[in-house]
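Going by my numbering, the sequence shown runs without a break in its numbering and finishes at 413.
Glycine included, each C-beta is placed from N, C-alpha and C at the ideal position.
Quick notes on the structure that follows.
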Amino acid sequence: MPDDGPSKPFMRRRSTADEPSPPSVFLDAPNMPWETTKFPGIRMKMLLNDPASGMCTKLMRLEPGAGVRLHEHTAVEQTWVIEGRFLDEEGECGPGQFVWRPAGNTHVAWAGPEGATILGVFLKPNVFADGRRFFSQDRGGGA
Numbered sequence: 271m272p273d274d275g276p277s278k279p280f281m282r283r284r285s286t287a288d289e290p291s292p293p294s295v296f297l298d299a300p301n302m303p304w305e306t307t308k309f310p311g312i313r314m315k316m317l318l319n320d321p322a323s324g325m326c327t328k329l330m331r332l333e334p335g336a337g338v339r340l341h342e343h344t345a346v347e348q349t350w351v352i353e354g355r356f357l358d359e360e361g362e363c364g365p366g367q368f369v370w371r372p373a374g375n376t377h378v379a380w381a382g383p384e385g386a387t388i389l390g391v392f393l394k395p396n397v398f399a400d401g402r403r404f405f406s407q408d409r410g411g412g413a
């Protein structure tokens, strides 16, 4: 077996430090339950939530027309549309399309009439104009 091939996590060492390599985290996302959020018509599966940095990755399902109220991105946000359409005042993404927003971008986003399933990657929690908390903050992330 080549040196860079599969091995047991406890046997692998980091290349940049003299310590064990942290293990990968595998999730069975299709079989994870959809969780309700405080945002009407939006359910999610939290795939990664790092309370120390505020970074999180979420699979979100939006019912037709469901929206995310006015908010500002405090760091880069990345969104890949899996199904349906995801829109804001600046444009829209359909299946397989991708949009990223820079820190400081302020917008309202919503699902098209067919709804949407999206993968969102957030480096830090958003700030909502109405004081609502970000999706991950109730779970210990991004305080």
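- Less than 7 Å divides the Cβ of residue 355 from the Cβ of residue 364.
- For the pair residue 352 and residue 327, the CB atoms are not nearer than the 7 Å cut-off.
- One Cα belongs to residue 399, the other to residue 378, and the distance between them is close to 10 Å.
- Counted as a single uninterrupted DSSP element, the beta strand (DSSP E) harbouring residue 386 occupies residues 376-392.
- Contact annotation: residue 329 and residue 393 have beta-carbon atoms that are not nearer than 7 Å.
- Inclusion of residue 291 and residue 284 in the CB contact set at 7 Å is warranted, their separation being smaller than that value.
- Assignment of residue 396 by DSSP, reduced to helix, strand and coil, places it in the coil class.
- The beta carbons of residue 337 and residue 395 sit no closer together than 7 Å.
- Here DSSP, grouped into helix, strand and coil, assigns residue 290 to strand.
- For residue 358, the enclosing beta strand (DSSP E) covers residues 347-358.
- Only residues of its own chain outside the window of five on either side were considered, and among them 315 have a CB closer than 7 Å to the CB of residue 302, listed in chain order.
- One alpha carbon belongs to residue 299, the other to residue 286, and they sit about 31 Å apart.
- If the five residues before and after residue 344 are omitted, its C-beta is found closer than 7 Å to the C-beta atoms of 373, 394, 395, 396 and 397, all from its own chain and listed in chain order.
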